[in-house]
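Undergrad: Here it is, the structure in full.
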Amino acid sequence: MPENSGQQGQNPSVKGMSAGGSTVDSQAPSHTLIDSISQINPQEQTMPQENYDADIIVIGAGPGGYVAAIRAAQLGAKVTVVEKEYLGGTCLNWGCIPSKALIASTEAYQHVLHSEQFGVKIDGKVDYDFDAIVARKEKVVKTLRGGVGMLFKKNKITHVEGRASFVDKQTIEVDKDGKKTTLRAKNYILAMGSSVIYLNIPGLEGGREDGVWTSDDAVNPPHVPKRMLILGGGAVGVEFSYVFNGLGSDVTLVEMMPNLIPMMDEDLGKELGRSLKKQGVGVKTGASLEKCEKVKGGWKCTVKVGGKVEEIEVDVVLLGVGRKANTDNMNLEKIGVKLHRRGVEVVDDTLKTDAPGIYAIGDVTGRIQLAHVASAEGIKVATNIVKGEAEKMDYKAVPSCVYTVPEVASVGLSESEAKAQGYDVIVGRYDFRGLGKAIAGGVTEGFVKVVCEKKYGEVLGMHLIGAHVTDMIPEGVAALNLEATVESMTEMIHAHPTMAEAVLEAFEDAHGMAIHK
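Each residue of the sequence shown is one higher than the last, beginning at 1 in our numbering.
See the structure below:
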């Protein structure tokens, strides 16, 4: 409910100021109110210019920064965006988008390899063109990068290239290849994002040319390695495991925690581990990479699993864990912006920093490092600045997705989290192997799991693994945002045949009334 809902009707005689500055008496007859309102002249939302170059300067043009800039411009602000490299940031250029393009090519290749199960026969050798796969990925990235540029032009946003550093709380200096420009603004949005870091693994030294890759290298691979060790079983590690295994690498995946994707419900991690093993990935959970030694043609890696030690020789070691906020050399602490070990400190969920007029969003805060969270934060902050509000972000229903095959998607509390918070939990589950659309499409791996509170039936979380589940997770987001109950979810009619019918079946299972189980 709105925060001021409890005040409605308490003071019927109050006079209020309209949007145009006219006074409207709430006791006046209705026709008088209508006449008064009709005479109000709408005014464009503007901000005081003084001697500033912009109302708002956004530093960083990733999914947080460019979205914040567009929303601020839509609301009438004069906006400048400073970006040191490419529009779209990490997500578009080195993360979300290029990795999904590689995944799409790998999945297409795998479909052809296994086409006979669908009655499709292919004569001759089935192979892939690696250069063409990379070229397609680059085309996708450049198309979307150009789209951001077009949106800037459409919304009259000034784009300045270079690295920004603060001179004072309202002034920055932008350095582009030694040429420096000074800009001033009343408000700033810090959206610099994050970048990969090299973990300190004993003996492991060098970069891409030495066979030590980060995720940035993996989306621009010079070749498909014959043998590969990937460190980290989170989203980055499992996605690249799928890609390089699918393209023919002998992949070993090392994860320190007992299950893959450890930030998600443990049943999802167990199921994904089984699936990747079946595809040929050497999944090692509860494991650590102790040290590496340079040998001819690659690396000899010492991996400890439980109490046992294994030596694995590979051509490439891919570091799939570790990111740091991009805050270096910006003079942030000089102007009163506090930093913590993960990035910029914000005072609360309005995302204000300790420096007046300066906000921080996305990865640079070290909070939730997801592109869609950065975008939502950008919209919230831009709206607050222009409208002079202090609305807070709501992180109750943040979806997380992993784009392996099968896909993984999750929102809300896992079963263990709900129990740890003291809820009396009921769980519903439905496997895709019992679903008509899944059987017809040959995609029967995985399941839908729902976590609910027993007393009132409130939906606490939804967790899925299977084909197309990243496109199905918004149903769970809506359920959490609307504080839906198990009963209300079972009353939703789902189209047949669809993969999403498994969501209905899972809620019916939680309700104790499953039809097809």
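Heads up, the beta-carbon is just placed ideally off N, CA and C, and yes, glycines get one too.
#1: Straight-line CA distance for residue 221 to residue 388?
#2: Mapping the DSSP letters down to three states, classify residue 461 as helix, strand or coil.
#3: When you compare each of 159, 187, 511 and 365 to residue 176 by their alpha carbons, which one comes out closest?
#4: Out of 232, 303 and 484, which one is the CA nearest neighbour of residue 290?
#5: Note down, one range per segment and in chain order, each beta strand (DSSP E) of at least 3 residues found wholly within the segment 104 to 175.
#6: Let me confirm a value: residue 244 is counted as buried when at least 16 other C-beta atoms fall within 10 Å, else exposed. Which label applies?
#7: Is the distance from the Cβ of residue 355 to the Cβ of residue 385 below 8 angstroms?
#8: Using only alpha-carbon positions, find the residue among 263, 265, 284 and 258 that is nearest to residue 241.
#9: Measuring straight from C-alpha to C-alpha, what distance separates residue 105 and residue 167?
#10: For residue 418 and residue 272, what's the separation of their Cα atoms in angstroms?
#11: Is it true that the CB of residue 351 sits closer than 8 angstroms to the CB of residue 358?
#12: Would you kindly check if the distance between the Cβ of residue 338 and the Cβ of residue 327 is under 8 angstroms?
#13: List the endpoints of the continuous beta strand (DSSP E) containing residue 191.
#14: What are the boundary residues of the beta strand (DSSP E) that residue 415 is part of?
#15: Tell me the DSSP bridge mates of residue 213?
#16: Could you tell me the alpha carbon to alpha carbon distance between residue 396 and residue 482, rounded to whole angstroms?
#17: From the DSSP output, in three-state form, read off residue 26 for me.
#18: Who does residue 407 pair with in a DSSP beta bridge?
#19: Does the count of Cβ pairs from the segment 371 to 383 and the segment 422 to 439 closer than 8 angstroms reach three?
#20: Report yes if the CB atom of residue 463 is closer than 8 angstroms to the CB atom of residue 257, and no otherwise.
#21: Since residue 268 is in the alpha helix (DSSP H), which residue starts that stretch and which ends it?
#22: Go ahead and label residue 150 buried or exposed: buried means 16 or more other beta carbons lie within 10 angstroms of its beta carbon, across all protein chains shown.
#23: Write down the C-beta distance between residue 409 and residue 472 rounded to the nearest angstrom, noting that I regard them as a contact closer than 8 angstroms.
#24: May I ask which residues mark the beginning and end of the alpha helix (DSSP H) holding residue 488?
#25: Applying the 10 Å Cβ sphere with the 16-neighbour rule, what's the burial state of residue 332?
#26: So the beta strand (DSSP E) residue 254 belongs to, where does it begin and stop?
#27: Taking the alpha helix (DSSP H) that residue 377 belongs to, which residues open and close that run?
#28: Taking Cβ positions, are residue 97 and residue 144 nearer each other than 8 angstroms?
#29: Ignore the nearest five residues each way along the sequence and tell me which others in residue 92's own chain have a CB closer than 7 angstroms to its CB.
#30: Rounding to the nearest angstrom, what Cα-Cα distance links residue 83 and residue 234 in this structure?
#31: What are the boundary residues of the beta strand (DSSP E) that residue 447 is part of?
#32: What three-state label does DSSP hand residue 239 in the structure shown?
#33: Can you round the beta-carbon distance between residue 430 and residue 460 to whole angstroms, since I take them to be within the 8 angstroms contact cut?
#34: Go ahead and pull the three-state DSSP assignment for residue 20.
#35: Name the residue from 196, 276 and 432 whose alpha carbon lies nearest to the alpha carbon of residue 323.
#36: Consult DSSP for residue 431 and reduce its assignment to one of helix, strand or coil.
TA: This is what the structure gives:
#1: If I take the Cα positions, the gap works out to 46 angstroms.
#2: Residue 461 falls in the strand class under three-state DSSP.
#3: Nearest of 159, 187, 511 and 365 to residue 176, Cα basis: 159.
#4: From the listed residues 232, 303 and 484, the smallest Cα separation to residue 290 is found for 303.
#5: Taking only runs of at least 3 residues, the beta strand (DSSP E) segments lying wholly in the segment 104 to 175 are 158 to 161 and 163 to 168.
#6: Counting other Cβ atoms within 10 Å of its Cβ, residue 244 reaches 16 or more and is therefore classed as buried.
#7: Cβ distance not < 8 angstroms, so residue 355 and residue 385 don't count as in contact.
#8: The candidate whose alpha carbon is nearest that of residue 241 is 284.
#9: Each residue's alpha carbon lies about 47 angstroms from the other.
#10: When rounded, the distance between both Cα atoms is 22 angstroms.
#11: Remark: C-beta atoms of residue 358 and residue 351 do not approach each other more closely than 8 angstroms.
#12: Cβ distance not < 8 angstroms, so residue 327 and residue 338 don't count as in contact.
#13: Going by DSSP, residue 191 is part of no beta strand (DSSP E) at all; its letter is neither H nor E.
#14: From DSSP, residue 415 is part of no beta strand (DSSP E) but of the alpha helix (DSSP H) over 415 to 420.
#15: Per DSSP, 318.
#16: Taking the straight line joining both Cα atoms gives about 11 angstroms.
#17: Low per-residue confidence applies at residue 26: pLDDT is 38, beneath 50, and the placement is therefore not dependable enough to give any value.
#18: According to DSSP, residue 407 bridges with 466.
#19: The answer is no - the segment 422 to 439 does not touch the segment 371 to 383, with fewer than three Cβ pairs under 8 angstroms.
#20: No. Outside cutoff.
#21: It spans 266 to 279 - the alpha helix (DSSP H) in which residue 268 sits, taken as one unbroken run.
#22: Exposure of residue 150 is indicated by the presence of fewer than 16 other C-beta atoms within 10 angstroms of its C-beta.
#23: The beta-carbon separation of residue 409 and residue 472, rounded to 7 angstroms, stays under the 8 angstroms limit for a contact.
#24: First-last of the alpha helix (DSSP H) with residue 488: 486 to 490.
#25: That one is buried.
#26: Note, residue 254: beta strand (DSSP E), 250 to 255.
#27: It spans 371 to 387 - the alpha helix (DSSP H) in which residue 377 sits, taken as one unbroken run.
#28: Yes.
#29: Hits under 7 angstroms: 141, 144 and 145.
#30: Each residue's Cα considered, the two are about 28 angstroms apart.
#31: DSSP places residue 447 in the uninterrupted beta strand (DSSP E) bounded by 447 to 453.
#32: Looking at residue 239 - three-state DSSP - the assignment turns out to be helix.
#33: 17 angstroms between Cβ atoms; not a contact.
#34: Only weak support exists for where residue 20 lies, its pLDDT of 37 falling under 50; the coordinates are left without a value.
#35: Nearest of 196, 276 and 432 to residue 323, Cα basis: 196.
#36: Here residue 431 sits in strand by DSSP.
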